[in-house]
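Residue numbers (numbering that gives the first Met the number 0): 0 to 394.
Remarks on the structure that follows.
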Amino acid sequence: MKDMYSPFVTSNFIVGRGSIKFISQLNKKRAVVIYDGRIMSDATKEQLLTLVSENGGECRFIADIRNEPYFSDIVKAADDMNEFNPDLIIAIGGGSVLDTAKAMHLFYEYPDMSVEDSLIPYNLPELGKKAIMVAIPTTSGTGSETTSAAVFIDHETKAKRLMLSNELIPAYAILDADFTDTLPKSVASHTGMDALTHALEASVCVTASPMVVSIAISAALDILENLKISVLGNEDEKLSAREACHVAASLSGVAITNSCAGLAHGFDQPGAYFDLPHGMVCGLLLPYTTAFASPHPSYAKLAKRLGLKGDSEKELCQNLVDYLVNFNKAIGIPLSFAEAGIDEEIFFDKLEDFATLAISAVATKLSPKIPSLEQAKELLKNAYYGNKPFISSEV
Ligand SMILES: [Fe+2]
Numbered sequence: 000m001k002d003m004y005s006p007f008v009t010s011n012f013i014v015g016r017g018s019i020k021f022i023s024q025l026n027k028k029r030a031v032v033i034y035d036g037r038i039m040s041d042a043t044k045e046q047l048l049t050l051v052s053e054n055g056g057e058c059r060f061i062a063d064i065r066n067e068p069y070f071s072d073i074v075k076a077a078d079d080m081n082e083f084n085p086d087l088i089i090a091i092g093g094g095s096v097l098d099t100a101k102a103m104h105l106f107y108e109y110p111d112m113s114v115e116d117s118l119i120p121y122n123l124p125e126l127g128k129k130a131i132m133v134a135i136p137t138t139s140g141t142g143s144e145t146t147s148a149a150v151f152i153d154h155e156t157k158a159k160r161l162m163l164s165n166e167l168i169p170a171y172a173i174l175d176a177d178f179t180d181t182l183p184k185s186v187a188s189h190t191g192m193d194a195l196t197h198a199l200e201a202s203v204c205v206t207a208s209p210m211v212v213s214i215a216i217s218a219a220l221d222i223l224e225n226l227k228i229s230v231l232g233n234e235d236e237k238l239s240a241r242e243a244c245h246v247a248a249s250l251s252g253v254a255i256t257n258s259c260a261g262l263a264h265g266f267d268q269p270g271a272y273f274d275l276p277h278g279m280v281c282g283l284l285l286p287y288t289t290a291f292a293s294p295h296p297s298y299a300k301l302a303k304r305l306g307l308k309g310d311s312e313k314e315l316c317q318n319l320v321d322y323l324v325n326f327n328k329a330i331g332i333p334l335s336f337a338e339a340g341i342d343e344e345i346f347f348d349k350l351e352d353f354a355t356l357a358i359s360a361v362a363t364k365l366s367p368k369i370p371s372l373e374q375a376k377e378l379l380k381n382a383y384y385g386n387k388p389f390i391s392s393e394v
């Protein structure tokens, strides 16, 4: 039998409410903070200043990331960092803040690197010689605090550009759920569905190790058990549900870092084109992509652990697909692109392009079943109209 083994990489995790205080234990002298000024409170700013200065350190708030940055903004901020010469980079915010900080860290340590070279997958030099990065996610979805990826939008072409390297994995991920308590319901549901999609897709990825499958299924269960309460629960019950979702989202990030995302990520072309939230589109597509990749032992295992019935793997998977549709309905995820308000004519004008991009995505190629162009178009058409997702009978 062919050897099948793989390393397992992750950030160091610091977990629990109040865990932001860990910053002072790092004992660093020059910290820069990359953040989103719209959501960073004055109290958090003060707290960070205090935590860094406890050991005589200096702290500078260097980059306020409000919108998707241009690459030129990232390189410019890295120049500003060079002037301050930090030994600690603190990124606090949602996925795009964390992704931007990863790129700034790279260009700070390697100011002569070209943007094109930075985009060659798994080709980056060692990071961490000048500074270490600490990621503090304030949403529970992308898993960027522990992933090897940083996603950017090319403003000219609207295409997604991806930096990919294990060197980009932050040294520490601080999972302090205090930052998630004030998340609006829509952000909690969209980001939660992004995380659930990461977990389900990692669990069936062709490169997933048994460790990945185990973590992914456990994370999926935690999200399915807690996300509804996190979105719809009262203030008291929300606290523990949001904390559980925060941890599970990071574990889902660990799972994709050590395997890959799958079909829903490959098919999220309409999201970027129509400016829909990534997590909402993942949730909308998930029943369709899960049905397409079924039957699969990991989906059947998850279905059984959810208490769903079925005499065969196919029946269990179909029940999981139906469960996902109802789950979407319960937390306000649209069940179709039509329901999401997307114009029918524009969608079908772009259908061929969306399907072509979807089947060429790496995430699609590493999924257990790879659709043909016709199957990809059919899947998107069904997702547009909200047709009931069925597992194909040709299995
Ligand atoms: Fe995602």
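Cβ atoms here follow ideal geometry from the backbone N, Cα and C, with glycine treated the same way.
_Chain-order list of residues whose beta-carbon lies under 8 Å from that of S5 (same chain, five-residue window excluded)_ = As a first step, residue 5 must be located in the sequence shown, where it is residue number 6. The answer, listed in chain order, is T206, S208, N257.
*Which same chain residues, not among the five before or five after E53, have their C-beta less than 8 Å away from its C-beta?*
Against the sequence shown, residue 53 aligns to sequence position 54. Same-chain partners within the cutoff: S23.
*Comparing the CB of T146 with every heavy atom of ligand 1, is any distance shorter than 7 Å?*
The count along the sequence shown starts at 1 and reaches residue 146 at position 147. No, the Cβ of T146 stays beyond 7 Å of every heavy atom of ligand 1.
*Return the Cβ separation of K237 and L167 in integer angstroms, given the expectation that the two are a contact with Cβ distance under 8 Å.*
Here the question's residue 237 lines up with position 238 in the sequence shown. Here the question's residue 167 lines up with position 168 in the sequence shown. Going by Cβ atoms, the distance from K237 to L167 rounds to 32 Å, so no, they are not a contact pair.
*asked:* If the criterion is Cβ atoms closer than 8 Å, does the pair K44 and F60 meet it?
replied: Locating residue 44 in the sequence shown gives position 45, counting from the first residue. Locating residue 60 in the sequence shown gives position 61, counting from the first residue. Contact flag set, yes.
*Would you say D193 touches ligand 3, meaning its beta carbon is less than 7 Å from a heavy atom?*
Summarising the ligand content, the structure contains ligand 1 and does not contain ligand 3.
*With distances taken Cα to Cα, identify the nearest neighbour of E200 among E344, G270, F291, A90.*
Residue numbering aside, residue 200 sits at position 201 when the sequence shown is read from its first letter. The candidate whose alpha carbon is nearest that of E200 is F291.
*Residue from I89, T141, D78 whose Cα sits closest to the Cα of Y107*: Walking along the sequence shown from the start, residue 107 turns up at place 108. Ranking the options by Cα distance to Y107, first place goes to D78.
*Can you name, in chain order, every residue of its own chain whose Cβ lies under 7 Å from the Cβ of L182, other than the five neighbours on each side?*
By 1-based counting over the sequence shown, the position of residue 182 is 183. Only T138 meet the Cβ criterion.
_A260 Cβ short of 7 Å to ligand 1 heavy atom set_ = What you label residue 260 is simply residue 261 of the sequence shown in a count that begins at 1. Yes; taking the cut-off as 7 Å, the Cβ of A260 has a heavy atom of ligand 1 nearer than that.
*If you follow the beta strand (DSSP E) that A148 is part of, which residue opens it and which one closes it?*
To locate residue 148, count along the sequence shown from 1; it is residue 149. 148-152 is the span of the beta strand (DSSP E), which, as asked, contains A148.
*Cα separation between M210 and E82?*
For the purposes of this step, residue 210 is taken as the residue at position 211 of the sequence shown. For the purposes of this step, residue 82 is taken as the residue at position 83 of the sequence shown. Each residue's Cα considered, the two are about 43 Å apart.
*Using three-state DSSP, classify K184 as helix, strand or coil.*
Residue 184 sits at position 185 when you count from the first residue of the sequence shown. Note: K184 maps to helix in three-state DSSP.
*According to DSSP, is C316 helix, strand or coil?*
Locating residue 316 in the sequence shown gives position 317, counting from the first residue. Looking at C316 - three-state DSSP - the assignment turns out to be helix.
*the region 63-70 touching the region 141-148, judged by at least three CB pairs closer than 8 Å*: no
_Please give me, in chain order, every unbroken run of the beta strand (DSSP E) with length at least 3 that falls completely inside the region 29-67._
29-34, 57-63
*When the Cα atoms are used, what is the spatial distance from A134 to D310?*
As a first step, residue 134 must be located in the sequence shown, where it is residue number 135. As a first step, residue 310 must be located in the sequence shown, where it is residue number 311. Going from the Cα of A134 to the Cα of D310 covers about 44 Å.
_Proximity to I330 [Cα-Cα], best of G232, I369, A247, D41_ = Reading the sequence shown from its first residue, position 331 is the one you call residue 330. Here the closest residue by C-alpha is G232.
*Compare the Cα-Cα distances from F266 to each of T196, E125, P169, L87 and report the closest residue.*
Along the sequence shown, read from residue 1 onward, the residue named residue 266 stands at position 267. Of T196, E125, P169, L87, the residue nearest in Cα terms is T196.
*Is the distance from the Cβ of A149 to the Cβ of D98 below 8 Å?*
Start at 1 with the first residue of the sequence shown, and residue 149 comes out as number 150. Start at 1 with the first residue of the sequence shown, and residue 98 comes out as number 99. Yes.
*Does the beta-carbon distance from A240 to A218 come in below 8 Å?*
As a working note, residue 240 is residue 241 in the sequence shown. As a working note, residue 218 is residue 219 in the sequence shown. Cβ distance not < 8 Å, so A240 and A218 don't count as in contact.
*Based on Cα-Cα distance, which residue from V230, I228, N225, A194 lies nearest to A215?*
For the purposes of this step, residue 215 is identified with residue 216 of the sequence shown, where counting begins at 1. Here the closest residue by C-alpha is A194.
_Status (buried if at least 16 other CB within 10 Å, exposed otherwise) for D235_ = The sequence position of residue 235 within the sequence shown is 236, counting from 1. Exposed, because fewer than 16 other Cβ atoms sit within 10 Å of the Cβ of D235.
*Compute the beta-carbon to beta-carbon distance between L275 and P269, rounded to the nearest angstrom, for a pair I have assumed lies under 8 Å.*
Walking along the sequence shown from the start, residue 275 turns up at place 276. Walking along the sequence shown from the start, residue 269 turns up at place 270. Yes, L275 and P269 are in contact; Cβ-Cβ is about 7 Å, under 8 Å.
*Could you check what DSSP says for L365 in three-state terms: helix, strand or coil?*
Here the question's residue 365 lines up with position 366 in the sequence shown. Of the three classes helix, strand and coil, the one that applies to L365 here is coil, per DSSP.
*On the premise that Y298 lies in contact with V212, defined as a C-beta separation below 8 Å, what is that separation, rounded to the nearest angstrom?*
Here residue 212 corresponds to residue number 213 of the sequence shown, with the count starting at 1. Here residue 298 corresponds to residue number 299 of the sequence shown, with the count starting at 1. Not quite, the Cβ-Cβ distance comes to about 11 Å (not below 8 Å), so this is no contact.
*A130 bridges to which residues according to DSSP?*
Counting from 1 along the sequence shown, the entry for residue 130 is found at position 131. A130 pairs with nothing; no bridge assigned.
*Are three or more beta carbon pairs between the region 355-369 and the region 315-330 nearer than 8 Å?*
no
*Write down every uninterrupted run of the alpha helix (DSSP H) in the region 268-336 whose length is 4 residues or greater and which is fully enclosed by it, in chain order.*
268-273, 277-292, 296-304, 312-330
_One question on the structure: do E312 and P296 come within less than 8 Å of each other, judged by their Cβ atoms?_
Along the sequence shown, one-based indexing puts residue 312 at 313. Along the sequence shown, one-based indexing puts residue 296 at 297. Yes.
*Whose C-beta lies closer than 7 Å to the C-beta of H245 among residues of the same chain, with five residues either side of it excluded?*
The residue you call residue 245 lines up with position 246 of the sequence shown. S139, L174, A176, T179, listed in sequence order.
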